[in-house]
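For the protein sequence lines, the chains are W and U, in the order given.
The working numbering numbers the first residue of the first sequence as 99 and each following residue consecutively.
The working numbering numbers the first residue of the second sequence as 99 and each following residue consecutively.
This report refers to the structure that appears directly beneath it.
Protein chains: 2
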Amino acid sequence: MAHDPIHLGRNNCATCAIRHRAVCGALADEELKELGAIGRMRQFKAGDIILADEEPTTFFANIVSGVIKLEKTSADGRQQIVGLVFPPDFLGRAFAKSNPYFAQAATDVEACTYPHTAFENMLKKHSGLEHRLFENTLNELDAAREWMFVLGRKSAQEKVASFLHLIAKRQSMVGCSHGHAENEPSGASRFDLPLTRADIADFLGLTIETVSRQLSNLKRQGTIQLLSGREVFVPNVDRLASLASGDDEAVA
Amino acid sequence: MAHDPIHLGRNNCATCAIRHRAVCGALADEELKELGAIGRMRQFKAGDIILADEEPTTFFANIVSGVIKLEKTSADGRQQIVGLVFPPDFLGRAFAKSNPYFAQAATDVEACTYPHTAFENMLKKHSGLEHRLFENTLNELDAAREWMFVLGRKSAQEKVASFLHLIAKRQSMVGCSHGHAENEPSGASRFDLPLTRADIADFLGLTIETVSRQLSNLKRQGTIQLLSGREVFVPNVDRLASLASGDDEAVA
DNA sequence: CGCGGATTTGAACTGAATCAATCGACGTGG
DNA sequence: CCACGTCGATTGATTCAGTTCAAATCCGCG
């Protein structure tokens with residue numbers, strides 16, 4: 099739980115798993131060397147607080163493996179996850195005095211981190227890097243708004259199906275080395291849930307119990323199988339997708 | 099309802115009401131002239147569709163007056179407003195093949211519009227302009243995530259109070275000529291609602307009836323007064339804010 | 001004056017929350 | 001090696017906030 103990441107040495111960008119898909123992919127060799135010089139690989143354990151709410155940002159990061167949750171908490175303890183950060187996403191709010199939310203490792207995480215000031219200087223110097231980060235941010239905004247629909251208008255069943263579908267999409271993408279390929283999985287899919295039931299509830303605006311019940315429903319229907327631990331098997335992703343958007347109705 | 103805006107002549111940037119607060123405020127005189135040359139002032143009527151969903155973006159715009167709603171609709175007709183665009187906000191999704199959502203005038207709107215390609219060329223040429231738009235986008239992302247908390251975790255009463263508080267903040271800001279001042283209103287406030295009950299419901303993930311009931315509750319409590327037409331009077335904005343965050347409980 | 005859309009209000013219903021109990025996996029210590 | 005405690009997850013029973021269905025009421029406008 100403590101904020102005590104393992105510091106590894108400098109990263110070798112040339113062999114980096116997310117080299118081409120992350121924001122640093124925007125840079126030419128010369129510039130990449132400059133960015134690499136300020137980057138440092140770190141590991142976090144599930145539960146580690148990576149960036150604290152309302153605190154000055156001390157660093158930015160590219161996620162290499164694992165999942166980070168972005169969370170908002172109100173005074174009376176209600177929580178809402180407002181974003182999930184997967185590889186090769188970028189973590190951190192540029193150009194702000196303080197972080198607008200909590201960033202916590204949902205699973206064990208490896209990330210390439212950059213000191214706050216040095217990175218913002220790079221942004222100012224290399225407009226290509228800023229452009230890449232801008233495009234990234236636009237995509238995050240689209241995703242956030244997509245999720246607003248889920249939160250505001252979908253039923254519990256649709257929410258849970260939407261979540262599973264999202265994870266299936268993102269996890270299937272982790273493998274591919276280039277591009278944000280538009281390769282929607284449509285056949286079968288198998289993956290580990292990066293979140294606990296409590297996290298899923300906080301992401302969907304539901305309670306733990308409702309999430310659990312809906313997962314049981316989907317299992318009973320045969321839409322998903324819950325294997326050992328956090329593992330899920332989806333025999334037909336299209337079916338899941340249609341439940342997520344409410345096209346389909348019950349199937350007993 | 100038709101897509102038939104009134105085309106006015108070229109705008110005079112020097113006297114523009116939003117000159118300093120909009121993205122164009124990033125530019126030096128020379129560049130401003132260049133941007134002004136491609137800008138054209140247009141007027142839209144309440145209900146006009148400004149940008150259609152899934153269609154190529156034909157133009158971008160700075161909102162000079164009025165309010166635009168950004169809306170998502172599902173196949174079965176459910177709707178969710180995923181953003182409101184006030185002066186001096188920027189409208190349009192840069193660097194995308196198509197619009198990720200519907201943009202419709204909630205009230206009569208005046209906007210300074212820029213042709214798609216010409217504007218994106220300006221962005222490429224002037225990194226200062228791109229930077230300003232980037233900061234804008236970061237703020238929109240923060241706002242979207244803030245709203246995700248409202249949608250996922252707040253009660254109907256809190257949602258309606260949050261909405262009124264948001265409008266009170268934004269409307270009070272329309273007057274000031276510079277900066278995104280952090281001047282939260284805290285005393286009394288009077289404003290026109292830019293949205294119908296149906297729109298408010300779609301923004302809050304509620305039904306029309308629930309919105310109406312909650313407004314009646316707030317009125318009965320004395321937290322707000324509903325004047326003629328769309329006008330609302332809030333004697334104590336702080337009180338509204340505390341209802342919005344759930345600090346406070348009922349007051350009979 | 002009367003029409004039509006927007007809004008309010010009422011009554012009944014229901015999906016998800018709440019309250020409560022049990023289960024299962026895992027790690028620790030006797 | 002097994003009993004125990006903890007934490008996450010499941011399942012059941014009950015409650016309640018918000019929806020749905022239905023009916024007034026209000027209001028701008030020709």
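By construction, the Cβ of each residue, glycine as well, lies at the ideal position given by its N, Cα and C atoms.
The model shown is predicted, which means the values in this text are computed figures rather than measured ones.
Using a Cβ-Cβ distance cut-off of 8 Å, determine whether residue i contacts chain W.
i	result
U:Thr-235	yes
U:Lys-167	no
U:His-214	no
U:Gly-181	yes
U:Pro-198	yes
U:His-278	Annotation note: pLDDT 49 at U:His-278 (below 50); position unreliable, coordinate value reported separately. Not one chain W Cβ lies under 8 Å of U:His-278.
Where does residue i sit, in a helix, a strand or coil, going by DSSP?
i	result
W:Thr-211	strand
W:Gly-175	coil
U:Ser-326	coil
W:Ile-116	coil
W:Arg-140	strand
U:Phe-184	coil
U:Glu-153	coil
U:Ser-284	coil
U:Phe-193	coil
U:His-278	At U:His-278, the pLDDT of 49 sits below 50, so the modelled position is not reliable and the matter cannot be decided from this model.
For the beta strand (DSSP E) holding residue i, just list the boundary residues, first then last.
i	result
W:Gly-134	Taken as a continuous stretch (DSSP letters only), W:Gly-134 belongs to no beta strand (DSSP E), being part of the alpha helix (DSSP H) at 127–136.
W:Phe-200	200–203
W:Ala-159	157–163
Taking C-beta pairs closer than 7 Å, name the residues in chain W that residue i reaches, listed in chain order.
i	result
U:Ala-242	Leu-239, Ala-242, Arg-243 and Met-246
Residue i versus chain W: which residues are under 8 Å apart at the beta carbon?
i	result
U:Ser-172	Phe-247, Arg-251, Ser-343 and Gly-344
Does any C-beta atom of chain U lie closer than 8 Å to the C-beta of residue i?
i	result
W:Glu-228	yes
W:Pro-154	no
Which chain U residues sit within Cβ distance under 7 Å of residue i?
i	result
W:Phe-193	Glu-233 and Leu-236
W:Arg-176	Arg-251
W:Gly-303	Leu-249, Gly-250 and Arg-251
How would you list, in chain order, the residues of chain U whose beta-carbon sits under 9 Å from the beta-carbon of residue i?
i	result
W:Ser-225	Ser-225, Glu-228 and His-229
In the DSSP assignment, find the unbroken alpha helix (DSSP H) run with residue i in it and report its ends.
i	result
U:Asp-300	295–302
W:Leu-291	Per DSSP, W:Leu-291 belongs to no alpha helix (DSSP H) and is neither H nor E.
U:Thr-235	225–251
U:Ala-339	335–343
U:Thr-308	306–319
U:Val-272	254–272
Nearer than 7 Å: is that true of the beta carbon of residue i relative to any heavy atom of the ligand ZN?
i	result
U:Phe-247	In the structure on display, the ligand ZN does not appear, and there are no ligands present to speak of.
* Asked: Is there contact between the segment 329–346 of chain W and the segment 152–171 of chain U, where contact requires at least three CB pairs shorter than 8 Å?
  -> Cβ pair count under 8 Å is below three, so no.
* Asked: Looking at C-beta atoms only, is the number of pairs between the segment 292–301 of chain U and the segment 175–183 of chain U that lie closer than 8 Å three or more?
  -> A contact is defined here as three or more CB-CB pairs under 8 Å, and the segment 292–301 of chain U meets this definition with respect to the segment 175–183 of chain U.
* Are the segment 114–124 of chain W and the segment 160–179 of chain W in contact at 8 Å, needing three or more beta carbon pairs? -> Counting Cβ pairs under 8 Å, three or more are found: they touch.
* Asked: Is it a yes or a no for the segment 129–146 of chain W touching the segment 211–225 of chain W, going by three-plus beta-carbon pairs under 8 Å?
  -> Cβ pair count under 8 Å is three or more, so yes.
* Asked: Per the contact definition of three or more C-beta pairs closer than 8 Å, is the segment 230–247 of chain U in contact with the segment 234–248 of chain W?
  -> Touching, yes.
* Inter-stretch contact at 8 Å, needing at least 3 Cβ pairs: the segment 255–269 of chain U / the segment 255–272 of chain W -> Counting C-beta pairs closer than 8 Å gives fewer than three between the segment 255–269 of chain U and the segment 255–272 of chain W, which falls short of the contact rule.
* Asked: Would you call the segment 202–213 of chain W and the segment 143–151 of chain W touching, i.e. three or more CB-CB distances under 8 Å?
  -> Verdict: yes, contact present.
* **Stretch pair the segment 226–241 of chain W + the segment 225–239 of chain U: three plus CB contacts closer than 8 Å** => At 8 Å Cβ cutoff, the stretches touch.
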